[in-house]
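Below is one structure, written out as structure tokens, with a few remarks after it.
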Amino acid sequence: MANMTCIEDLRHAARRRVPRVFFDYAEAGSYAEQTLRANRADLERITLKQRVLVDVEHRDTATTILGERVSLPVALAPIGLGGMQWADGEILACRAAKAAGIPYTMSTMSICSMEDVAQAVGKPFWFQLYVMKDRGFVRALVERALAARCSALVLTVDLQVLGQRHADVRNGLSVPPALKPRTILDIASRPGWAARMLSAKRWTFGNLAGHVKGEGSIKAVADWVSHQFDATLSWSDVDWIRSIWPGKLILKGILNVDDARSARKTGADAIVVSNHGGRQLDGAPSTISMLPKIAEAVGSEIELLFDGGVRSGQDVVRAVALGARACLVGRAYVYGLGAGGEAGVAAAIEILRKELSVTMALTGTRSVAEIDGRVLN
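Here it is as structure tokens:
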């Protein structure tokens with residue numbers, strides 16, 4: 001990891017080490033990937049204002065998220081199938097996040113279960129929840145998150161139907177991987193990945209274990225999941241989750257001002273301005289283009305987190321300057337996970353921290369609290 005200079009270096013290493021079916025799962029967007037590309041392009045168009053002859057010797061990248069002190073304005077976003085990027089990937093990512101002093105968010109569709117992570121790490125983490133048709137299962141997940149001492153519940157609200165990712169269809173994505181000739185050849189070309197997976201805690205969705213009938217069958221699990229996304233999802237479901245979850249509640253997937261105002265009324269503690277990483281509604285605006293409008297409408301009344309396209313400390317500065325309290329990073333840390341497990345995630349976080357610190361210095365800012373519109377051209 002010592003030679004990894006940026007997130008792109010980690011991305012190239014992950015591409016070499018992770019089977020294509022799982023690398024593409026993390027990498028791809030939906031349909032024509034217009035929104036996926038816009039997330040990056042619109043961030044890159046925002047230029048920073050260089051300042052000189054300002055004493056920036058003492059800089060502090062720390063801030064708070066939901067009242068919790070963090071070492072930098074970053075949290076690890078929920079990513080499904082983390083344990084297929086690297087064996088026991090969710091445990092390793094959580095350990096790296098906790099060592100760095102930032103939150104880790106575990107996905108409902110993780111390979112390790114929340115109990116696996118809680119037992120292995122021993123520190124609170126955030127849990128991301130999908131509201132599925134089986135509300136009894138949803139309630140059970142919430143109760144398990146409480147038992148696992150999760151410090152926040154991240155309710156994803158933009159996946160009532162699944163946007164198609166062409167790469168997953170072409171690759172025949174399944175967990176564990178279906179043993180087709182092309183898949184066998186792909187795995188055989190990555191012997192390190194295969195050897196690690198032999199000792200992994202799990203090869204399928206840990207949070208679904210014991211619930212899906214015939215869970216040993218790839219098809220049974222896939223069919224259950226595909227039929228569980230609920231097109232009837234509404235604000236009343238958010239109220240229900242709020243009634244059964246006593247802790248911090250974050251709504252992820254807000255992309256316009258009207259929805260942000262409605263989210264504020266639910267009593268949620270924070271919202272994530274997000275388009276699901278360009279993996280849902282293709283043709284939707286980039287998250288950075290919507291962040292200032294949402295910040296102007298509700299930013300003084302609810303904590304705003306930002307998600308979508310963050311690949312550098314400069315991107316973190318851009319988002320904070322436009323109204324975000326912090327950024328959720330997904331692909332950036334997943335590339336690290338695929339490149340080197342826990343050490344790779346730690347490298348991704350450290351890359352972002354160093355870039356953030358240098359960018360603060362060159363824009364004449366000494367603390368995260370000083371980062372605002374004045375650092376932008």
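Its first residue numbered 1, the sequence shown is counted upward by one per residue in full-length UniProt numbering. Note that the Cβ used here is the ideal one computed from N, Cα and C, for glycine as well. Bear in mind the structure is a predicted one, so any value in this text is a computation, not a measurement.
Nearest neighbour of G267, chosen from W240, N207 and P73 [CA to CA]: Nearest option by C-alpha distance: W240.
Local Cβ density within 10 Å of I244, reported as buried at 16 or more and exposed below that: That one is exposed.
Rounded distance between the beta-carbons of T61 and V368, thought under 8 Å: Cβ-Cβ separation between V368 and T61: approximately 6 Å, consistent with a contact (criterion under 8 Å).
Whole-angstrom distance between V225 and L146, CA atom to CA atom: Looking at the two C-alpha atoms, the distance is approximately 23 Å.
Minimum length 3: unbroken beta strand (DSSP E) runs contained in the region 223-277: Qualifying beta strand (DSSP E) stretches, in chain order: 248-254 and 270-273.
F127 in three-state terms, based on DSSP: Three-state result, F127: strand.
Extent of the continuous alpha helix (DSSP H) to which C150 belongs: Neither: C150 is in no alpha helix (DSSP H) and is coded neither H nor E.
V70, enclosing beta strand (DSSP E) - first and last residue: Following the DSSP letters along the chain, one finds V70 inside the beta strand (DSSP E) bounded by residues E68 to V70.
Spatially closest choice to P73 from S30, I371 and S236, by CA coordinates: Nearest of S30, I371 and S236 to P73, Cα basis: I371.
P78, buried or exposed, once every other Cβ within 10 Å from all chains shown has been counted against 16: Result: buried.
DSSP beta-bridge partners of Y104: Its beta-bridge partners are L76.
Which of helix, strand or coil DSSP assigns to M4: Correct three-state label for M4: coil.
Strand pairing of E303, partner residues [DSSP]: Under DSSP, E303 takes part in a beta bridge, and its partners are A270.
Helix, strand or coil at T61 according to DSSP, with G and I counted as helix: T61: coil per DSSP, three-state reduction.
Nearest-angstrom Cβ-Cβ length linking G247 and S113, presumed shorter than 8 Å: About 19 Å separates the CB atoms of G247 and S113; that is not less than 8 Å, and the two are not in contact.
Exposed unless 16 or more other CB atoms sit within 10 angstroms - verdict on E303: Under a 10 Å Cβ-count criterion, E303 is classified as buried, with 16 or more other Cβ atoms of the shown protein chains found around its own Cβ.
Distance cut-off 7 Å: W240 Cβ against heavy atoms of the ligand FMN: Absence of the ligand FMN from the depicted structure is noted, as is the absence of any ligand whatsoever, leaving it without description.
Among G172, G163 and R318, nearest to R374 - alpha-carbon criterion: If we check each option's Cα against that of R374, R318 comes out closest.
Inter-residue spacing [alpha-carbon to alpha-carbon] between F229 and F137: Rounded to whole angstroms, F229 and F137 show a C-alpha spacing of 13 Å.
8 Å CB neighbourhood of S13 in its chain, flanking five on each side removed: Residue 13 is actually Ala in this sequence, not Ser. Apart from the 5 residues on each side of it in sequence, A13 sits with its Cβ closer than 8 Å to the Cβ of M4, Y335, G338, A339, G340 and G344 in its chain, given in chain order.
Chain-order list of residues whose beta-carbon lies under 7 Å from that of I91 (same chain, five-residue window excluded): So the qualifying residues of the chain are C112, D116, V117, A120 and V121.
Span of the alpha helix (DSSP H) around V298: First-last of the alpha helix (DSSP H) with V298: T287 to V298.
Cross-strand partners of A326 (DSSP beta bridge): BP columns for A326 point to L305.
Contacting residues, own chain, Cβ-Cβ under 8 Å from T287 (five flanking each side not counted): Closer than 8 Å at the Cβ level, and outside the excluded window around T287, lie N39, L255, V273, S274, N275, F306, D307, G308 and G309.
Given V175 as reference, the closest of Q160, G163, L10 and A87 once Cα atoms are compared: Nearest to V175 by C-alpha distance, out of Q160, G163, L10 and A87, is A87.
Pairwise C-alpha distance: L155 and V131: Distance between the alpha carbons of V131 and L155: 8 Å.
Cβ pair count under 8 Å reaching 3, the region 279-296 against the region 15-35: Contact between the region 279-296 and the region 15-35 is present, because at least three Cβ pairs lie under 8 Å.
E57, buried or exposed, once every other Cβ within 10 Å from all chains shown has been counted against 16: Exposed is the call here.
Alpha carbon of E301 to alpha carbon of A332, nearest angstrom: Looking at the two C-alpha atoms, the distance is approximately 29 Å.
For S367, three-class secondary structure by DSSP: Reduced to three states, the DSSP call for S367 is strand.
W193: first and last residue of the uninterrupted alpha helix (DSSP H) it sits in: First-last of the alpha helix (DSSP H) with W193: P191 to L198.
Beta-bridge pairing of M132 - partner residues as DSSP gives them: Note: M132 sits in a beta bridge opposite F229.
Cut-off 8 Å between Cβ atoms - residues of its own chain near S71, not counting five sequence neighbours on either side: If we look at S71 and ignore the five residues flanking it on each side, its Cβ neighbours are T61, A62, A100, G101, I102 and R353.
Nearest candidate by alpha-carbon position, reference A361, set T108, V54, R196 and L10: Nearest option by C-alpha distance: V54.
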